[in-house]
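What follows is a short report on a single structure.
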Amino acid sequence: MADPAPEALGATPEALLERLDQPLCITLAGADPRRTRVLVTLLHGNEPSGFIALHRWLREGKRPATHVVCLIASVAAAQLAPRFSHRTVPGARDLNRCFRPPFDIDPPGHLARRLLEVIGSVAPEAVVDVHNTSGAGPSFAVSISADERHRTLASLFTRRLVHTDLRLGALMEISEHLVPTVTIECGGRLDDAAHTVAWAGIDHFFTRDELWADIPDPGAIEVMHNPVRLELTEACTLAYDRAPRTDVPLTLRADIEHLNFGITPAGTHLGWVRGAGLRDLFVARNTAHTCVLEDLLCLVGGELRTRRPLKLFMITTHPGIARSDCLFYAVQDDGRELVPRRTEPEDAV
Ligand SMILES: [Zn+2]
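Numbering of the sequence shown is given in the working numbering, commencing with residue -9 and proceeding in unit increments.
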């Protein structure tokens, strides 16, 4: 679809989605045709903020500063009823784990390769990939680099950047060899505020004349390095409540989501544990695969507490997500990666 007229897009994002029978590529002619920017969204069918915001932006009939290519990926998953509820088509691989070989093994692999071919063919100055988080919470960017360009891209949308050395086959990993790329997590997928974050960021990304002219001060973006995932063991069943439950080993505070992103002091009460030890319930390893569980949490008289000052984020209050993905991500209070205390410089002898 090239330079669609606003009325050709349907009155609502849902109307546009229903009309599609495959992933959609929209190209927009900009004031400077020598440069191109790429927006990717709906890699996950249940994360609609980027698509909703793009529809709104296109309906306003604005003109971008450069050529723009918009790639709307998991259309089939997003269309499954109820709309925007399926991350993937049932049984399919997660598309955002498919951006590395082998590509030839299934439809998501083919689609990932096709998206990479399109991005490679237009040689963009930057790629932004817009997502939503599974729980509520503030926006942040994710990238494999925290250099000036990646901080600048992040700053178009948010003030927080997660810098990760993990390689999972996500689209943002093309930063390594192709083009500066960031993932933007706009906040909760059903949250109007997240759609607004997406819209404002897309508007900056499309209309800023010189993308790299306005590099944010080092202090303007909060960078978090290599967050540790707190995962649950197979044996761990859990509930969220205001008091300890007797039917599960782990009860988490019902308001645990409030700890998203601020500094969580040492000794903060997260919940209650019954008849189990930390290692029976949790797994937490850093990028060196070192266990940092006892550096993260402790048990005090059946209460689960933080061991040291931390920054926690992507805290989920969905038991299913906690079990299948993780309970939260954590870094030290100054944004550094968690390491076992005995290897920290201040403890060295
Ligand atoms: Zn996503």
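Glycine included, each C-beta is placed from N, C-alpha and C at the ideal position. From a predicted model like this one, the values you see are computed outputs, not experimental measurements.
Would you mind working out which of the options sits nearest residue i, comparing C-alpha positions?
{"i": "residue 275", "options": "226, 178, 139, 330", "result": "330"}
{"i": "residue 173", "options": "52, 153, 272, 185", "result": "153"}
{"i": "residue 84", "options": "123, 158, 20, 142", "result": "158"}
{"i": "residue 243", "options": "317, 213, 114", "result": "317"}
{"i": "residue 306", "options": "74, 135, 219, 258", "result": "219"}
{"i": "residue 298", "options": "263, 280, 272, 254", "result": "254"}
{"i": "residue 206", "options": "215, 226, 197, 144", "result": "144"}
{"i": "residue 111", "options": "139, 119, 59, 97", "result": "59"}
{"i": "residue 120", "options": "134, 175, 328, 133", "result": "175"}
{"i": "residue 64", "options": "281, 155, 82", "result": "82"}
{"i": "residue 0", "options": "9, 32, -7", "result": "9"}
{"i": "residue 21", "options": "4, 47, 56, 30", "result": "56"}
{"i": "residue 211", "options": "252, 225, 151, 233", "result": "151"}
{"i": "residue 258", "options": "266, 248, 51", "result": "248"}
{"i": "residue 312", "options": "30, 125, -6", "result": "125"}
{"i": "residue 213", "options": "324, 97, 18", "result": "324"}
{"i": "residue 139", "options": "202, 17, 37", "result": "202"}
{"i": "residue 36", "options": "73, 209, 193, 134", "result": "73"}
{"i": "residue 320", "options": "282, 134, 6", "result": "282"}
{"i": "residue 61", "options": "17, 99, 67", "result": "17"}
{"i": "residue 356", "options": "103, 109, 256, 96", "result": "No answer is possible for residue 356: the residues shown for the chain start at -9 and end at 339."}
{"i": "residue 106", "options": "96, 91, 95", "result": "91"}
{"i": "residue 230", "options": "308, 3, 208, 199", "result": "308"}
{"i": "residue 15", "options": "101, 97, 310", "result": "101"}
{"i": "residue 137", "options": "310, 165, 114, 113", "result": "165"}
{"i": "residue 285", "options": "252, 322, 314, 251", "result": "322"}
Can you tell me whether residue i is helix, strand or coil according to DSSP?
{"i": "residue 214", "result": "strand"}
{"i": "residue 337", "result": "Residue confidence is low: residue 337 scores 44 on pLDDT, short of 50, so the model does not pin down where it sits. No coordinate-derived value is stated."}
{"i": "residue 331", "result": "helix"}
{"i": "residue 228", "result": "strand"}
{"i": "residue 34", "result": "coil"}
{"i": "residue 138", "result": "helix"}
{"i": "residue 95", "result": "coil"}
{"i": "residue 172", "result": "strand"}
{"i": "residue 131", "result": "strand"}
{"i": "residue 159", "result": "coil"}
{"i": "residue 205", "result": "coil"}
{"i": "residue 23", "result": "strand"}
{"i": "residue 284", "result": "helix"}
{"i": "residue 272", "result": "strand"}
{"i": "residue 254", "result": "strand"}
{"i": "residue 50", "result": "coil"}
{"i": "residue -8", "result": "strand"}
{"i": "residue 223", "result": "coil"}
Just list the residues that DSSP pairs residue i with in beta bridges.
{"i": "residue 293", "result": "262, 290"}
{"i": "residue 322", "result": "300"}
{"i": "residue 119", "result": "30, 173"}
{"i": "residue 198", "result": "Paired residue(s): none; residue 198 is not in a bridge."}
{"i": "residue 58", "result": "18, 27"}
{"i": "residue 83", "result": "Paired residue(s): none; residue 83 is not in a bridge."}
{"i": "residue 150", "result": "212"}
{"i": "residue 6", "result": "In DSSP, residue 6 forms no bridge with anything."}
{"i": "residue 178", "result": "123"}
{"i": "residue 107", "result": "Answer by DSSP bridge pairing: none, since residue 107 is not bridged."}
{"i": "residue 240", "result": "228, 263"}
Roughly how far, in whole angstroms, is the beta-carbon of residue i from the beta-carbon of residue j, given that I think they are within contact range, below 8 angstroms?
{"i": "residue -4", "j": "residue 77", "result": "That belief does not hold up - the Cβ atoms of residue -4 and residue 77 are roughly 30 angstroms apart, past 8 angstroms."}
{"i": "residue -9", "j": "residue 127", "result": "That pair is no contact at about 33 angstroms."}
{"i": "residue 221", "j": "residue 277", "result": "No, residue 221 and residue 277 are not in contact; Cβ-Cβ is about 14 angstroms, not under 8 angstroms."}
{"i": "residue 292", "j": "residue 264", "result": "7 angstroms"}
Under 7 angstroms, do residue i and residue j count as touching if we go by C-beta distance?
{"i": "residue 93", "j": "residue 161", "result": "no"}
{"i": "residue 27", "j": "residue 116", "result": "yes"}
{"i": "residue 300", "j": "residue 260", "result": "no"}
{"i": "residue 87", "j": "residue 122", "result": "no"}
{"i": "residue 75", "j": "residue 188", "result": "no"}
{"i": "residue 184", "j": "residue 177", "result": "yes"}
{"i": "residue 241", "j": "residue 262", "result": "yes"}
{"i": "residue 195", "j": "residue 118", "result": "yes"}
{"i": "residue 6", "j": "residue 45", "result": "yes"}
{"i": "residue 32", "j": "residue 68", "result": "yes"}
{"i": "residue 197", "j": "residue 271", "result": "no"}
{"i": "residue 239", "j": "residue 266", "result": "yes"}
{"i": "residue 148", "j": "residue 129", "result": "yes"}
{"i": "residue 287", "j": "residue 268", "result": "yes"}
For a cutoff of 7 angstroms on Cβ pairs, would you count residue i as touching chain D?
{"i": "residue 144", "result": "Any reference to chain D falls outside this structure, which holds one protein chain only."}
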